[in-house]
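In full-length UniProt numbering, the protein residues as written are 1 to 474.
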Amino acid sequence: MDDPLLGSLGDLDEWLDRRDVLDGQPFLLSPQGEYDVALNRYFEQIGMATAPWNTQAAHARDLRNFLDFLWANRGGRPWREATPEDRAAYERWRRKDPAGPRVEPTTWDREVATVNAFFAWVVRQGYIEVSPIVQRESRDRRSRPGRRSTQTTPAEASHTGARRHVEWLTPGMYRRWRDIGIRGHTPDGALDPSFRGRFASRNAAFTDLMIRTGLRISEQIGLSLYELPRTQAGILNSRTWLPAPIAKWGSARYVYIPTGVLRDIWDYVEIERADAVERARDLGLYERIVEPLLIEDPSQPVVRIGGRRLPLTKLRQAERARVLVRTDHGWEPAALWLNESGLPGSAAGYRELFKDANRRCRRHGLTVSTHPHGLRHSFAVIELEHLWRGHLEQLQETNPQARMTYQRVYGDPLLWVSCRLGHRSIETSAIYLHTLQELEMETRMALIPDWWERTGVDPAQLDDPPTDGAEEHA
Numbered sequence: 001m002d003d004p005l006l007g008s009l010g011d012l013d014e015w016l017d018r019r020d021v022l023d024g025q026p027f028l029l030s031p032q033g034e035y036d037v038a039l040n041r042y043f044e045q046i047g048m049a050t051a052p053w054n055t056q057a058a059h060a061r062d063l064r065n066f067l068d069f070l071w072a073n074r075g076g077r078p079w080r081e082a083t084p085e086d087r088a089a090y091e092r093w094r095r096k097d098p099a100g101p102r103v104e105p106t107t108w109d110r111e112v113a114t115v116n117a118f119f120a121w122v123v124r125q126g127y128i129e130v131s132p133i134v135q136r137e138s139r140d141r142r143s144r145p146g147r148r149s150t151q152t153t154p155a156e157a158s159h160t161g162a163r164r165h166v167e168w169l170t171p172g173m174y175r176r177w178r179d180i181g182i183r184g185h186t187p188d189g190a191l192d193p194s195f196r197g198r199f200a201s202r203n204a205a206f207t208d209l210m211i212r213t214g215l216r217i218s219e220q221i222g223l224s225l226y227e228l229p230r231t232q233a234g235i236l237n238s239r240t241w242l243p244a245p246i247a248k249w250g251s252a253r254y255v256y257i258p259t260g261v262l263r264d265i266w267d268y269v270e271i272e273r274a275d276a277v278e279r280a281r282d283l284g285l286y287e288r289i290v291e292p293l294l295i296e297d298p299s300q301p302v303v304r305i306g307g308r309r310l311p312l313t314k315l316r317q318a319e320r321a322r323v324l325v326r327t328d329h330g331w332e333p334a335a336l337w338l339n340e341s342g343l344p345g346s347a348a349g350y351r352e353l354f355k356d357a358n359r360r361c362r363r364h365g366l367t368v369s370t371h372p373h374g375l376r377h378s379f380a381v382i383e384l385e386h387l388w389r390g391h392l393e394q395l396q397e398t399n400p401q402a403r404m405t406y407q408r409v410y411g412d413p414l415l416w417v418s419c420r421l422g423h424r425s426i427e428t429s430a431i432y433l434h435t436l437q438e439l440e441m442e443t444r445m446a447l448i449p450d451w452w453e454r455t456g457v458d459p460a461q462l463d464d465p466p467t468d469g470a471e472e473h474a
């Protein structure tokens with residue numbers, strides 16, 4: 001197709017490079033296919049361009065929803081002419097209209113915050129004079145009595161406060177959800193003859209890793225084979241290092257993988273993943289990857305970008321998806337999690353996996369459902385309960401050395417969980433403590449069954465984290 005705009009750009013990759021547009025950076029097009037330079041500059045500003053990819057995507061999605069509403073329901077109005085009346089109409093449709101999505105207050109508040117950030121930026125840039133989002137003075141509790149606050153906040157926020165309810169699964173609930181929804185079993189444990197899901201072992205290993213480590217989906221799909229430790233005899237959990245470029249907000253940290261889960265992941269790597277890679281080679285799929293980043297020596301995970309040698313640990317998730325490793329059998333992706341085509345999967349694809357699993361569970365009469373972040377919540381609640389039990393047991397330990405070792409490994413249980421989750425503040429993790437406190441004691445005692453692998457860390461692993469650019473081979 002002859003496109004005058006694309007034709008004037010010459011080589012599209014070179015044009016994007018000249019504009020410093022990063023791989024995976026979102027952009028918006030109008031319903032007529034127009035690219036608004038001023039609008040899309042928002043995603044190039046330093047605060048947005050360096051934000052985690054899922055944060056960028058959330059901003060783009062929330063902004064697109066409002067701009068689509070302006071186009072479809074407000075006479076094709078452009079964003080530069082949006083008014084407070086448009087915002088009021090959008091809120092009515094988004095939250096209260098029977099034909100609308102009726103989003104939760106927390107969802108609406110997030111959307112208000114992201115769109116407000118965009119309009120505050122375009123006002124500062126001089127593209128418009130006044131934001132369509134009406135502001136009010138914020139009630140800053142730190143202000144002195146009688147002194148007016150200089151801070152403002154969107155007046156259209158719901159003001160209902162953060163939702164304190166945490167959706168999570170017990171180990172038993174998770175196992176039933178996984179076996180029926182992911183593995184394709186019937187409630188009595190037999191294989192469902194109508195099950196058409198493929199890659200079931202991979203999918204089960206993927207969800208097992210999520211609930212046992214608390215990784216975010218964006219972090220987990222960024223893992224490479226180089227971050228997958230080998231199983232070791234006598235070790236409860238094998239440790240690996242999550243590099244900053246694929247950790248949300250750069251929260252690089254150690255991740256502890258239970259031996260049983262790690263064994264299942266290696267089974268996937270050596271069987272299903274290997275078969276997918278072989279099929280992709282036969283079809284020549286790896287030769288079609290645009291601007292691949294090549295690791296010539298598998299023992300040295302280093303690529304060349306712009307004439308510079310960069311270790312794999314320095315690459316973002318979008319860059320990692322283009323990394324190929326030379327092996328004795330040919331090229332293969334460095335990415336750990338591949339789809340049936342032998343290529344790195346997307347976060348959207350794995351979210352669909354959860355939706356399909358929930359639908360299968362409903363068909364079998366199982367009321368349990370979850371989502372990727374629900375497994376992260378589940379990890380936090382279960383891990384916190386497990387650590388509190390160990391904490392109380394060690395307080396009664398008569399051996400001072402044993403008490404000291406436990407304290408050195410775990411310290412405060414809530415702080416440990418906060419570190420494993422990659423939270424920037426322990427206050428964010430406190431919601432899981434509140435969740436436990438609301439449970440009946442009988443429920444808490446039955447929370448962790450015997451078959452749930454214990455959390456454990458070898459004290460010998462308490463060395464310093466790897467330096468920048470170093471790989472941790474556990």
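Virtual Cβ for every residue (Gly too), placed ideally from N, Cα, C.
Exercise. If you count every other CB in all the chains shown that lies within 10 Å of the CB of residue 237, and 16 or more means buried, which is it?
Worked result: buried
For this session: Under the assumption that residue 253 contacts residue 365 (Cβ atoms under 8 Å), give the Cβ distance between them as a whole number of angstroms.
Result: The pair is not a contact, with the Cβ atoms about 40 Å apart (cut-off 8 Å).
Exercise. Any idea if residue 207 is buried or exposed, counting beta-carbon neighbours within 10 angstroms, 16 or more meaning buried?
Worked result: buried
Problem set entry | N-terminal and C-terminal residue of the beta strand (DSSP E) that residue 333 is part of | 330-333
Problem set entry | residue 141 versus residue 91: straight-line alpha-carbon distance, rounded | Reliability of the predicted coordinates at residue 141 is poor, the pLDDT of 49 falling under 50, and the value obtained from them is presented with this limitation in mind. Their Cα atoms are separated by approximately 28 Å.
Exercise. If you pair each beta-carbon of the segment 289-304 with each one of the segment 173-185, do three or more pairs fall below 8 Å?
Worked result: no
For this session: Whole angstroms is fine: what's the gap from residue 117's alpha carbon to residue 337's?
Result: 34 Å
Problem set entry | Where residue 180 sits in the DSSP three-state scheme | helix
Problem set entry | Residue burial classification, residue 363 (beta-carbon count within 10 angstroms, cutoff 16) | exposed
Exercise. Nearest-angstrom Cα distance between residue 283 and residue 341?
Worked result: 9 Å
Problem set entry | Rounded separation between residue 132 and residue 89 - CA only | 12 Å
Exercise. What do you reckon, are the CB atoms on residue 211 and residue 375 nearer than 8 Å?
Worked result: yes
Problem set entry | Secondary structure, alpha helix (DSSP H): runs of 4+ residues fully inside the segment 193-265 | 200-213 and 217-220
Problem set entry | CA-to-CA distance, residue 189 to residue 377, given in whole angstroms | 26 Å
Exercise. Taking the alpha-carbon positions, what's the residue 187 to residue 359 distance?
Worked result: 14 Å
For this session: Would you tell me roughly how many angstroms separate the C-alpha atoms of residue 383 and residue 417, rounded to the nearest one?
Result: 7 Å
Exercise. To the nearest angstrom, how far is it from the Cα of residue 251 to the Cα of residue 244?
Worked result: 6 Å
Exercise. What is the DSSP secondary structure of residue 41, reduced to helix, strand or coil?
Worked result: helix
Exercise. In or out: residue 470 buried (at least 16 other Cβ within 10 Å) or exposed?
Worked result: Confidence in residue 470 is poor, its pLDDT being 42 and thus under 50, which makes the residue's placement unreliable; the coordinate value appears in the next sentence. By the 10 Å Cβ count, residue 470 comes out exposed.
For this session: Compare the beta carbon distance of residue 229 and residue 216 with 8 Å and say whether it is the shorter of the two.
Result: no
For this session: Measure how close the beta-carbons of residue 52 and residue 249 come, nearest whole angstrom, since I'm counting them as under 8 Å.
Result: 6 Å
Exercise. Grouping DSSP H, G and I as helix and E and B as strand, with all else coil, what is residue 310?
Worked result: strand
For this session: Report all residues from its chain with a CB closer than 6 Å to the CB of residue 78; omit the five preceding and five following residues, and keep chain order.
Result: none
Problem set entry | Pairwise C-alpha distance: residue 361 and residue 115 | 36 Å
Exercise. Can we say the segment 305-322 touches the segment 218-234, given the rule of at least three CB pairs closer than 8 Å?
Worked result: yes
Exercise. In terms of residue numbering, what span does the alpha helix (DSSP H) encompassing residue 25 cover?
Worked result: Residue 25 -> no alpha helix (DSSP H), and no H or E assigned at all.
Exercise. Where does residue 35 land, buried or exposed, given buried means 16+ other C-beta within 10 angstroms?
Worked result: exposed
For this session: Report all residues from its chain with a CB closer than 6 Å to the CB of residue 491; omit the five preceding and five following residues, and keep chain order.
Result: Outside the modelled stretch of the chain, which goes from 1 to 474, sits residue 491, for which no answer is possible.
Problem set entry | Host alpha helix (DSSP H) of residue 368 (start-end) | Segment: none, residue 368 is in no alpha helix (DSSP H) and carries neither H nor E.
Exercise. What is the residue span of the alpha helix (DSSP H) that residue 63 lies within?
Worked result: 53-73
Exercise. Could you give the distance in angstroms between the alpha-carbon of residue 357 and the alpha-carbon of residue 178?
Worked result: 8 Å
For this session: Take the Cβ of residue 203 as the centre, count every other Cβ of all protein chains shown within 10 Å, and call the residue buried at 16 or more, exposed below.
Result: buried
For this session: Tell me whether residue 90 sits in a helix, a strand or coil according to DSSP, three-state version.
Result: helix
Exercise. If we count the other Cβ atoms within 10 Å of its Cβ and call it buried at 16 or more, is residue 451 buried or exposed?
Worked result: exposed
For this session: May I ask you to report which of helix, strand or coil DSSP gives residue 477?
Result: Outside the modelled stretch of the chain, which goes from 1 to 474, sits residue 477, for which no answer is possible.
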